[in-house]
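Structure first, commentary second.
Numbering (the numbering used here), first residue to last: 1 to 206.
In structure tokens, the structure reads:
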């Protein structure tokens with residue numbers, strides 16, 4: 001089970017809830033199977049105009065007591081260590097961006113194709129819980145034309161040593177068909193945990 005969560009400022013309450021139930025998640029999984037792993041990743045959006053406020057002070061701290069903006073980061077690779085999962089989760093802080101749609105599709109692609117970094121096991125059931133309350137950016141939706149990002153997503157893994165996505169400034173968001181194909185190729189079952197506000201956007205992905 002890999003949890004991929006929107007870390008824009010509007011999700012601060014959801015992050016608090018996840019921290020509170022962090023250790024319980026592992027306990028629930030252990031009742032379902034003795035051979036589980038659990039991991040966690042976070043996303044906001046491309047760190048560029050118009051998605052992100054590029055003023056120096058906002059690049060340092062977009063909101064009070066927040067982390068700098070980022071596209072996607074693998075925080076906890078899939079692990080059996082429930083204590084590690086709980087402890088790392090407690091240290092996480094929210095971030096932020098400008099426009100309402102988020103860059104979750106970039107994050108999903110990296111989660112799917114970075115098999116070794118995420119820790120997907122070949123013979124296991126791969127569940128991806130995608131949590132957000134916002135709509136999504138997708139290929140050629142206009143934002144990247146303004147940002148000058150014109151190259152198509154190459155569908156390859158681009159995580160550095162810290163687990164951070166590095167090509168957010170040079171590659172476009174993936175298309176919906178690309179997303180569907182990559183999830184199927186890597187045997188990943190997505191679960192979209194979205195709010196009523198954004199449900200209609202994700203319902204169209206069926």
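Glycine is no exception: its CB is placed at the ideal position from the N, C-alpha and C atoms. The structure displayed is predicted, hence computed values, not measured ones.
Please determine, among the options, the residue with the shortest C-alpha to C-alpha distance to residue i.
i           : options               : result
residue 103 : 47, 199 and 19        : 47
residue 198 : 101, 164 and 25       : 101
residue 265 : 177, 11, 96 and 75    : Shown here, the chain extends from 1 to 206; a query on residue 265 therefore has no answer.
residue 60  : 18, 145, 151 and 94   : 94
residue 42  : 81, 51, 9 and 63      : 9
residue 64  : 12, 201 and 91        : 12
residue 45  : 179, 138, 205 and 126 : 138
residue 81  : 58, 99, 75 and 36     : 36
residue 17  : 2, 77, 92 and 29      : 92
residue 176 : 201, 29 and 162       : 201
residue 136 : 170, 99, 160 and 171  : 99
residue 160 : 182, 75, 183 and 184  : 75
List the DSSP bridge partners of residue i.
i           : result
residue 204 : Answer is none; residue 204 lacks a bridge partner.
residue 191 : 129
residue 5   : 42 and 131
residue 164 : 73
residue 151 : 171
residue 159 : 165
If contacts are defined as beta-carbon pairs under 8 Å, then residue i and residue j qualify, I think. What distance do you get, rounded to the angstrom?
i           : j           : result
residue 134 : residue 6   : 6 Å
residue 38  : residue 79  : 7 Å
residue 151 : residue 173 : Between residue 173 and residue 151 the Cβ distance is about 11 Å, and since that is not below 8 Å, they are no contact.
residue 146 : residue 56  : Going by Cβ atoms, the distance from residue 146 to residue 56 rounds to 21 Å, so no, they are not a contact pair.
residue 4   : residue 130 : 5 Å
residue 111 : residue 128 : 6 Å
residue 132 : residue 194 : 6 Å
residue 179 : residue 105 : 6 Å
residue 149 : residue 170 : 7 Å
Secondary structure, alpha helix (DSSP H): runs of 4+ residues fully inside the stretch 41 to 125: 56 to 60, 82 to 90, 104 to 113 and 115 to 118
Validate contact between the stretch 102 to 120 and the stretch 12 to 24 using beta carbons, cut 8 Å, 3 pairs: no
Contact the stretch 156 to 172 vs the stretch 59 to 72: 3+ CB pairs below 8 Å: yes
The stretch 184 to 191 / the stretch 120 to 133 touching (three or more Cβ pairs under 8 Å): yes
Three-pair Cβ contact test at 8 Å for the stretch 84 to 93 versus the stretch 150 to 164: no
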